[in-house]
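*Asks:* Position in the sequence shown (first residue = 1) + 162 = our numbering.
All C-beta atoms in this analysis are idealised placements derived from N, C-alpha and C, irrespective of residue type, glycine included.
Here you go, one structure.
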Amino acid sequence: MCTEHVASPEYLITLMQPGTIVNERWNVLKFLGTGSFGVVFKVEDVNDKTNYAMKIELATEDSLILRTESFVLKKMRNSSHFCQFIENGVHGKVNYLVMSLVGSNLSDLRRTTKNKRFSISTILRLAITCLEAIKDLHDAGFIHRDIKPANFCIGAVPEHRSCIYLLDFGIVRQYIVDKRVRPPRMTVEYGGTARYSSLNAHHGREMYTYDDVIALLFTLAELYKGELPWKVTDTVKETERLKNRCSLDDIFGDLPDEIKHMYTSLMKKKYGDLVDYTGMRKQFQSIMERMNIAEKDPYDWEKLEEPANQQERSPKADEQEQVAN
Numbered sequence: 163m164c165t166e167h168v169a170s171p172e173y174l175i176t177l178m179q180p181g182t183i184v185n186e187r188w189n190v191l192k193f194l195g196t197g198s199f200g201v202v203f204k205v206e207d208v209n210d211k212t213n214y215a216m217k218i219e220l221a222t223e224d225s226l227i228l229r230t231e232s233f234v235l236k237k238m239r240n241s242s243h244f245c246q247f248i249e250n251g252v253h254g255k256v257n258y259l260v261m262s263l264v265g266s267n268l269s270d271l272r273r274t275t276k277n278k279r280f281s282i283s284t285i286l287r288l289a290i291t292c293l294e295a296i297k298d299l300h301d302a303g304f305i306h307r308d309i310k311p312a313n314f315c316i317g318a319v320p321e322h323r324s325c326i327y328l329l330d331f332g333i334v335r336q337y338i339v340d341k342r343v344r345p346p347r348m349t350v351e352y353g354g355t356a357r358y359s360s361l362n363a364h365h366g367r368e369m370y371t372y373d374d375v376i377a378l379l380f381t382l383a384e385l386y387k388g389e390l391p392w393k394v395t396d397t398v399k400e401t402e403r404l405k406n407r408c409s410l411d412d413i414f415g416d417l418p419d420e421i422k423h424m425y426t427s428l429m430k431k432k433y434g435d436l437v438d439y440t441g442m443r444k445q446f447q448s449i450m451e452r453m454n455i456a457e458k459d460p461y462d463w464e465k466l467e468e469p470a471n472q473q474e475r476s477p478k479a480d481e482q483e484q485v486a487n
């Protein structure tokens with residue numbers, strides 16, 4: 163097997179052309195996109211004509227990404243914030259994972275707004291919903307380690323456009339095994355996305371639950387302001403330097419002070435310290451009450467007009483049918 167094929171999306175695409183039938187059940191309809199750890203296709207169940215997403219990777223002895231993603235999705239079956247696991251297996255030279263389709267990610271949705279920013283109403287309700295998704299993952303014993311706007315998506319159909327799904331478990335770590343917290347490793351290879359990573363990730367420390375929540379606060383700041391102070395940097399080291407130097411106002415702008423206090427509190431935590439998810443949720447709700455924001459208000463993207471019945475035919479359909487990167 164040629165080693166240059168291992169990381170080549172172009173090669174993977176040649177292995178799964180439209181019309182390919184996988185496991186006598188999945189008809190490959192079209193290529194949807196590439197992500198950090200694989201290539202994604204839209205497929206149809208030949209039995210009931212339902213559409214799903216299929217993610218593939220080259221099948222090698224050390225290919226663990228889809229196995230890990232499948233393991234996590236199976237554990238998260240009862241959470242409404244995760245894609246439904248359908249099936250995984252091997253087809254020829256590739257491993258595959260079939261899951262439910264989702265819609266656009268928050269990063270792309272932000273860019274569709276007039277000012278390329280979300281309103282405070284949308285931000286506060288996203289804060290609650292995204293925190294719920296992260297808590298569900300943590301409660302199941304996993305740390306995500308790559309929380310960012312592109313890894314949160316809305317539903318693929320109109321009635322699910324207010325639902326938020328957490329995606330991409332390629333570098334997830336199971337921090338609870340046999341009901342016990344695993345001890346931290348002495349050295350940890352850097353992973354994730356530098357723009358949203360906590361300083362613990364930059365320093366090569368074992369990440370814990372609060373690191374995911376810090377990344378969520380960075381995510382909310384970018385979605386609200388349009389960018390983070392270190393957006394222009396092109397090295398992990400320079401990003402780390404700016405995170406150390408930037409003030410709370412530099413990072414979070416005029417977001418409510420409670421959010422800045424959350425960040426300060428999370429930054430003080432040590433491995434094994436708990437996150438007060440309930441307290442954070444109550445603070446977000448308190449801000450909403452103060453600002454007269456209703457939980458059922460439409461999100462910014464729901465206010466945008468869309469052509470009726472164009473999801474399958476419009477070129478924008480490809481942007482709305484995404485799965486984990």
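1) Per DSSP, what are the beta-bridge partners of Arg342 in this structure?
2) In terms of residue numbering, what span does the beta strand (DSSP E) encompassing Ser266 cover?
3) What is the DSSP secondary structure of Cys292, reduced to helix, strand or coil?
4) How many angstroms separate the CA atom of Pro346 from the CA atom of Thr212?
5) Are the beta-carbon atoms of Leu174 and Tyr214 separated by less than 8 angstroms?
6) Do you know offhand how far Val319's Cα is from Lys399's?
7) Between which two residues does the beta strand (DSSP E) harbouring Gly200 extend?
8) Helix, strand or coil: how does DSSP classify His253 here?
9) What are the start and end residues of the alpha helix (DSSP H) that includes Tyr439?
10) Go to Ala215, then tell me how far its beta strand (DSSP E) extends in each direction, as first and last residue.
11) In whole angstroms, what separates the C-alpha of Lys431 from that of Pro180?
12) Distance check for Thr426 and Tyr461, CA to CA, integer angstroms please.
13) Taking C-beta to C-beta, are Trp227 and Gly388 nearer than 8 angstroms?
14) Please report how far the alpha carbon of Gly254 lies from the alpha carbon of Arg307, in whole angstroms.
15) Should the stretch 357 to 367 be called in touch with the stretch 275 to 291, which here means at least 3 C-beta pairs below 8 angstroms?
16) Taking the C-alpha atoms as reference points, what is the distance between Lys297 and Ser448?
17) Please work out which residues of its chain come closer than 7 angstroms, Cβ to Cβ, to Tyr358, disregarding the five sequence neighbours upstream and downstream, and give them in chain order.
18) Which class does Tyr258 belong to by DSSP, given the choice of helix, strand or coil?
19) Just how far apart, CA to CA, sit Leu235 and Ser324?
20) Can you tell me which residues form a DSSP beta bridge with Trp188?
21) Scan the stretch 226 to 252 and note each continuous alpha helix (DSSP H) run of 4 residues or more that stays entirely inside, going in chain order.
22) Which of the three DSSP states, helix, strand or coil, is assigned to Phe331?
23) Is it buried or exposed for Asn406, if we count other Cβ within 10 angstroms and need 16 for buried?
24) Locate the alpha helix (DSSP H) running through Phe414, then write down its first and last residues.
*Replies:* Reading from the atomic positions:
1) Val339
2) Val264 to Asn267
3) helix
4) 43 angstroms
5) no
6) 41 angstroms
7) Gly200 to Asp207
8) strand
9) Tyr439 to Arg452
10) Asn213 to Leu220
11) 50 angstroms
12) 28 angstroms
13) First, the residue type needs correcting, since residue 227 is Ile and not Trp in the sequence shown. Not closer than 8 angstroms, so no.
14) 31 angstroms
15) no
16) 20 angstroms
17) Ile309, Lys310, Ala377, Phe380 and Thr381
18) strand
19) 21 angstroms
20) Val184 and Asp207
21) 227 to 237
22) coil
23) exposed
24) Leu410 to Phe414
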